[in-house]
Amino acid sequence: MQLAFTPDEIAAIVQPRAARGATAAVIRGISALGTARPGDLSFLGNPKYRSEVAGTRASLVLVPPDYTGEPAAGQLFLVVDQPSVALARLCARIEQMLRSPPAPGVHPSAVVAPDAQIATTAAIGPLCVIEADVRVGGRTCLQASVYAGRGTVIGDDCLLMPGVRLYPGTQLGHRVRLHANVVIGSDGFGYEQVNGRHEKVPQIGQVVIEDDVEIGAGSTVDRARFGRTIVGEGTKIDNLVQLGHNVVIGKHCILCAQTGISGSTTVGDCVVLGGQVGVGGHITIGKGVKAGGQTGIAADVPAGTYINGTPALPYMLERRLAVLHQRLPELFHRLDALEAQVKKSTAAK
Amino acid sequence: MQLAFTPDEIAAIVQPRAARGATAAVIRGISALGTARPGDLSFLGNPKYRSEVAGTRASLVLVPPDYTGEPAAGQLFLVVDQPSVALARLCARIEQMLRSPPAPGVHPSAVVAPDAQIATTAAIGPLCVIEADVRVGGRTCLQASVYAGRGTVIGDDCLLMPGVRLYPGTQLGHRVRLHANVVIGSDGFGYEQVNGRHEKVPQIGQVVIEDDVEIGAGSTVDRARFGRTIVGEGTKIDNLVQLGHNVVIGKHCILCAQTGISGSTTVGDCVVLGGQVGVGGHITIGKGVKAGGQTGIAADVPAGTYINGTPALPYMLERRLAVLHQRLPELFHRLDALEAQVKKSTAAK
Amino acid sequence: MQLAFTPDEIAAIVQPRAARGATAAVIRGISALGTARPGDLSFLGNPKYRSEVAGTRASLVLVPPDYTGEPAAGQLFLVVDQPSVALARLCARIEQMLRSPPAPGVHPSAVVAPDAQIATTAAIGPLCVIEADVRVGGRTCLQASVYAGRGTVIGDDCLLMPGVRLYPGTQLGHRVRLHANVVIGSDGFGYEQVNGRHEKVPQIGQVVIEDDVEIGAGSTVDRARFGRTIVGEGTKIDNLVQLGHNVVIGKHCILCAQTGISGSTTVGDCVVLGGQVGVGGHITIGKGVKAGGQTGIAADVPAGTYINGTPALPYMLERRLAVLHQRLPELFHRLDALEAQVKKSTAAK
Chain A
24 MQLAFTPDEI AAIVQPRAAR GATAAVIRGI SALGTARPGD LSFLGNPKYR SEVAGTRASL
84 VLVPPDYTGE PAAGQLFLVV DQPSVALARL CARIEQMLRS PPAPGVHPSA VVAPDAQIAT
144 TAAIGPLCVI EADVRVGGRT CLQASVYAGR GTVIGDDCLL MPGVRLYPGT QLGHRVRLHA
204 NVVIGSDGFG YEQVNGRHEK VPQIGQVVIE DDVEIGAGST VDRARFGRTI VGEGTKIDNL
264 VQLGHNVVIG KHCILCAQTG ISGSTTVGDC VVLGGQVGVG GHITIGKGVK AGGQTGIAAD
324 VPAGTYINGT PALPYMLERR LAVLHQRLPE LFHRLDALEA QVKKSTAAK
Chain B
24 MQLAFTPDEI AAIVQPRAAR GATAAVIRGI SALGTARPGD LSFLGNPKYR SEVAGTRASL
84 VLVPPDYTGE PAAGQLFLVV DQPSVALARL CARIEQMLRS PPAPGVHPSA VVAPDAQIAT
144 TAAIGPLCVI EADVRVGGRT CLQASVYAGR GTVIGDDCLL MPGVRLYPGT QLGHRVRLHA
204 NVVIGSDGFG YEQVNGRHEK VPQIGQVVIE DDVEIGAGST VDRARFGRTI VGEGTKIDNL
264 VQLGHNVVIG KHCILCAQTG ISGSTTVGDC VVLGGQVGVG GHITIGKGVK AGGQTGIAAD
324 VPAGTYINGT PALPYMLERR LAVLHQRLPE LFHRLDALEA QVKKSTAAK
Chain C
24 MQLAFTPDEI AAIVQPRAAR GATAAVIRGI SALGTARPGD LSFLGNPKYR SEVAGTRASL
84 VLVPPDYTGE PAAGQLFLVV DQPSVALARL CARIEQMLRS PPAPGVHPSA VVAPDAQIAT
144 TAAIGPLCVI EADVRVGGRT CLQASVYAGR GTVIGDDCLL MPGVRLYPGT QLGHRVRLHA
204 NVVIGSDGFG YEQVNGRHEK VPQIGQVVIE DDVEIGAGST VDRARFGRTI VGEGTKIDNL
264 VQLGHNVVIG KHCILCAQTG ISGSTTVGDC VVLGGQVGVG GHITIGKGVK AGGQTGIAAD
324 VPAGTYINGT PALPYMLERR LAVLHQRLPE LFHRLDALEA QVKKSTAAK
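Chains A, B and C supply the protein sequences, listed in that same order. Start counting the first sequence at 24; every next residue gets the next number (our numbering). Start counting the second sequence at 24; every next residue gets the next number (our numbering). Start counting the third sequence at 24; every next residue gets the next number (our numbering).
Next comes the structure, spelled out in structure tokens:
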């Protein structure tokens with residue numbers, strides 16, 4: 024999508040207290056002061072970049088009231104109380120334009136069970152499949168090709184991007200945002216070994232995604248064996264993350280891309296896991312724990328600790344050990360020399 | 024989905040030898056003895072939890088014949104020979120209810136090539152695409168939005184969840200279960216460097232998935248360069264696993280989530296790989312090998328070994344080295360002290 | 024898909040200079056000399072396998088002009104200038120047959136916005152969704168169930184496999200190949216913490232995929248916060264790879280499966296990252312860098328270096344440290360012995 028805003032349209036959105044200069048440019052991009060080109064909008068959000076305003080090639084710059092510099096020729100400064108807030112308002116407007124929600128109602132190509140209860144303000148996009156006994160809340164949008172299995176409950180103001188798959192019985196709260204090809208409610212990975220073969224343990228629980236959760240593209244959340252796999256309110260999950268059966272994630276956590284959490288593990292509130300973190304099964308991670316990228320967690324982690332490495336250790340210790348590890352050649356050399364010296368000294372006696 | 028079983032319906036499924044007590048509750052959940060609430064069913068599967076039966080709040084408890092305790096008021100005990108077997112039977116029944124297989128036949132919204140051969144007992148759900156020359160076996164169900172490329176063969180009693188993608192020529196055995204958004208038969212990752220550019224090596228082989236294989240949501244299996252990528256009978260694969268071209272996985276293996284196996288690697292029967300394991304290309308992993316989570320395997324592994332770490336080492340050795348690694352600071356301190364002592368002692372002479 | 028070529032059909036494709044022997048077999052597979060079975064085609068591409076030709080069970084063998092051996096009974100040798108080139112030509116032909124591109128035009132089951140601009144030679148397969156203002160170039164094929172969001176631009180000769188999801192504003196160059204269930208343009212993972220909650224930072228940029236890029240099944244590429252996430256010309260990306268917002272990948276790179284790159288990181292031209300590599304955010308990886316599988320990159324990497332391990336170190340150093348790490352038990356034993364000896368020697372004085 025190509026942006027195209029006239030300076031007047033920008034002004035209508037950001038509501039400046041004053042303007043200096045003028046530009047004939049149509050605004051087609053947003054960029055930092057240093058990299059902006061003509062046709063871009065930029066902004067002075069952080070005072071430390073103040074000196075860059077004078078040299079920027081941006082056609083339009085959002086500046087704070089205390090910035091007194093004058094624009095170059097063909098350049099427009101819009102004076103706003105908080106440039107970063109004004110920018111956020113503009114970005115939110117652009118975001119709305121980028122989405123193409125189907126109009127409220129059910130697209131004729133969607134396949135919807137007769138007894139599904141769909142709010143009149145909800146939008147069911149093309150080629151969605153809505154099974155029996157599904158409920159969809161107000162202003163919720165299923166963008167296209169979304170599958171909602173039997174008995175699924177989807178709250179208000181949710182946004183489900185194309186290719187989302189909800190297994191039967193999934194429950195989504197309000198304002199849940201699921202990105203393309205997310206899978207919620209797939210069978211947990213449970214087998215019992217019987218005569219050398221793996222017999223499937225039925226996975227008949229469900230998944231509950233609480234309010235204000237966002238889950239990134241291609242991530243997968245398994246249903247519980249029985250009971251519920253839970254993702255707590257306000258938690259944000261990145262792309263290609265895997266949550267096993269009966270996992271319970273607390274509120275307001277951040278799980279970065281490609282992290283995986285094995286079955287029956289409990290993660291406390293406000294935990295932050297970096298990318299590609301792996302967590303074993305039946306583990307408890309305390310409230311507020313932080314883990315660096317690729318950390319491997321095989322045991323309980325006390326609340327509030329910052330861990331790193333495989334096996335996971337307190338961050339500062341792990342960093343110190345990594346430095347000493349690189350001094351292993353020195354260690355061997357010193358030991359060789361000392362052994363030789365002691366041997367010589369012993370022989371000399 | 025909300026469970027709702029009357030006690031009589033439960034009894035009809037588990038066929039108790041006797042009953043003690045009574046409950047008016049409708050059973051809406053299954054839970055462990057310690058966490059059960061009124062309306063839940065629980066069970067005494069493991070004798071070590073025997074003492075928990077007396078205090079459980081479950082409305083209905085499956086107990087073995089040798090359990091002699093009496094139920095509380097409003098509580099029903101059903102006496103069954105093996106509570107865990109009775110529970111499995113109940114769960115299997117619930118699982119059937121959770122699935123919403125389309126009725127046998129082809130949903131009118133599916134796009135099916137005229138020459139596709141679909142068993143009369145098979146169910147092709149809404150918005151599936153079945154290309155030319157595809158064969159679908161008896162009682163097999165393609166849930167919704169499944170793509171089966173030209174010449175695909177799908178056996179009997181298979182279950183393909185929404186969004187499964189089968190590239191042309193894929194072969195599935197009987198009782199294969201593929202979870203949502205699984206991709207089978209994508210091109211292997213093969214290029215030849217020609218004048219600094221990567222020229223694609225055609226990937227014209229296929230993928231064969233043998234009987235009783237289950238593959239988790241979002242996993243991907245590449246087609247062979249030529250010949251066949253194979254997943255052996257009874258092998259179970261978790262979510263977001265990647266198998267490269269010409270990989271051969273043995274029978275009855277367990278591959279946990281986010282594991283990746285590079286091209287042309289062979290994995291023996293009954294191998295168990297933990298989560299996020301990485302295996303290089305052209306490697307042979309012997310029968311019965313076990314690898315811990317995040318293991319990095321860059322060389323052949325003899326049959327029957329248990330390995331861990333990156334680079335992969337025998338498990339006990341790797342654990343011992345990890346402990347010694349944490350003693351590196353001590354090692355440096357001791358060496359410093361010893362050097363000082365030897366220096367002093369030499370100087371004293 | 025079952026191959027079925029008569030020897031005459033093979034000859035018509037590979038154009039041999041001469042033939043020796045004859046076979047009545049229909050060619051149904053391609054295999055290496057050592058593993059070929061009757062009905063297979065094989066080839067002598069590398070002189071070191073010359074001795075294997077005499078014993079191969081292949082029904083048809085492509086041999087170079089300087090190979091003078093005679094075929095067995097029922098075996099056909101086709102003499103070609105370069106067997107590997109002849110094989111590639113045959114494979115390319117087979118690959119065409121494996122694909123089942125919809126005929127040019129829009130399948131009646133696709134949902135296409137009236138103002139979408141679709142080249143007359145393009146093929147829009149069944150159940151695709153094409154939103155407003157999309158452009159699709161000549162000879163491009165959207166196989167089935169592809170979603171193209173508003174304002175998406177797709178170049179000429181692209182191939183988009185089933186289940187590809189393009190968020191609004193995505194730009195694909197020419198000859199781009201996206202495998203099944205690839206997601207391009209999902210929101211970047213950006214939040215600001217406000218009163219203990221994570222407030223979403225709008226992600227209004229886009230993704231640009233340049234010419235001749237191929238991306239493997241299930242991979243995800245996030246849109247920029249603002250500006251552009253870029254994958255450079257000729258770069259090849261394997262399955263289940265994750266690229267964060269504002270990542271810039273250079274030209275002719277190779278990113279192996281399950282690798283993840285965090286936001287705002289820049290990767291130079293001709294970089295090769297092994298499988299499951301993790302790269303932190305706001306990092307610069309220089310031109311021509313190579314990284315082994317599972318490498319963890321947390322800091323800038325100078326051009327041309329070969330790195331390995333977590334934390335990433337120069338390859339030779341990391342290998343040496345790994346060897347010394349395994350000698351830690353020896354180190355402790357030697358230090359114990361030396362301490363004892365020094366103690367004794369000191370006591371003796």
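By construction, the Cβ of each residue, glycine as well, lies at the ideal position given by its N, Cα and C atoms.
For threonine 369 (chain C), no CB of chain A lies under 7 Å from its own CB, so it is not counted at the interface with that chain. In this structure the segment 156–169 of chain A touches the segment 131–145 of chain A; the number of beta carbon pairs closer than 8 Å is three or more. Listed along the chain, the chain B residues whose CB falls inside 8 Å of the CB of valine 108 (chain A) amount to none; the nearest CB is some 38 Å away. For leucine 67 (chain C), the closest C-alpha among the options C:Gly311, C:Val102, C:Ser209, C:Glu256 is that of C:Val102. The Cβ-Cβ distance between leucine 263 (chain C) and isoleucine 284 (chain C) does not fall below 7 Å. In the DSSP assignment, tyrosine 90 (chain B) falls outside any alpha helix (DSSP H) and carries neither an H nor an E.
Contact between glycine 319 (chain B) and glycine 291 (chain B) fails: their C-beta atoms lie close to 19 Å from each other, not under 8 Å. Where aspartate 63 (chain C) is concerned, the enclosing beta strand (DSSP E) starts and stops at 63–66. Taking 9 Å as the cut-off between beta carbons, the residues of the segment 146–157 of chain B near chain A are Gly148, Pro149, Leu150, in sequence order. In the structure shown, serine 285 (chain B) falls within a coil segment according to DSSP collapsed to helix, strand and coil. The alpha carbon of isoleucine 50 (chain C) has as its nearest neighbour, out of C:Arg43, C:Pro61, C:Gly57, the alpha carbon of C:Pro61.
Taking a Cβ-Cβ cut-off of 9 Å, the neighbours of tyrosine 214 (chain A) in chain B comprise Glu237, Lys259, Ile277, given in sequence order. Only residues of its own chain outside the window of five on either side were considered, and among them Leu85, Leu101, Val103, Ala109, Arg112, Leu113 have a CB closer than 7 Å to the CB of valine 37 (chain C), listed in chain order. The criterion of a C-beta distance shorter than 7 Å is satisfied by histidine 221 (chain B) and lysine 259 (chain C). Counting the other Cβ atoms within 10 Å of the Cβ of glycine 128 (chain C) gives fewer than 16, which makes it exposed. Straight across, the Cα-Cα distance linking aspartate 156 (chain B) with proline 191 (chain B) is about 10 Å.
Taking each of A:Thr175, A:Val346, A:Gly257 in turn and checking the Cα distance to asparagine 218 (chain C), the smallest one comes out for A:Gly257. Between leucine 263 (chain C) and chain B, the shortest Cβ-Cβ separation is below 7 Å. Closer than 7 Å to the CB of serine 287 (chain C) there is not a single CB belonging to chain A.
Judged by beta-carbon spacing, serine 65 (chain B) lies beyond the 7 Å limit of threonine 46 (chain B), meaning their Cβ atoms are not closer than that value. At a cut-off of 7 Å between beta carbons, proline 334 (chain C) contacts chain A. In this structure, arginine 248 (chain C) and valine 230 (chain C) do not form a Cβ contact; the two beta carbons are roughly 12 Å apart against a cut-off of 8 Å. In the displayed model, threonine 163 (chain A) falls within coil according to three-state DSSP, outside both helix and strand. Between valine 270 (chain C) and glycine 286 (chain C) a beta carbon distance of about 7 Å is seen, short of the 8 Å cut, so the two are scored as contacting. Beta-bridge annotation (DSSP): proline 337 (chain B) is paired with B:Ile330. Within the DSSP secondary-structure output, glutamate 237 (chain C) pairs in a beta bridge with C:Arg200, C:Lys259. C:Leu189 is the residue among C:Glu215, C:Arg43, C:Thr193, C:Leu189 whose C-alpha sits nearest the C-alpha of valine 205 (chain C).
A direct Cα-Cα distance of roughly 13 Å separates glutamine 226 (chain A) from glycine 52 (chain B). The Cβ of phenylalanine 249 (chain C) sits closer than 7 Å to at least one Cβ of chain A. Assignment of beta-bridge partners to glutamate 222 (chain A) by DSSP yields A:Glu215. Below the 7 Å Cβ cutoff, chain A contributes no neighbours of glycine 309 (chain C), its closest Cβ being approximately 20 Å away.
Valine 206 (chain B) has a beta carbon lying within less than 7 Å of a beta carbon in chain C. The continuous alpha helix (DSSP H) containing leucine 351 (chain A) extends over residues 351–371. When DSSP states are grouped into helix, strand and coil, aspartate 31 (chain C) belongs to the helix group.
Close CB contacts of glutamine 349 (chain C) within its chain, under the 6 Å cut and outside five residues either way in sequence, are absent.
The way I'd put it, the segment 351–369 of chain A does touch the segment 330–348 of chain C; three or more beta-carbon pairs between them come closer than 8 Å.
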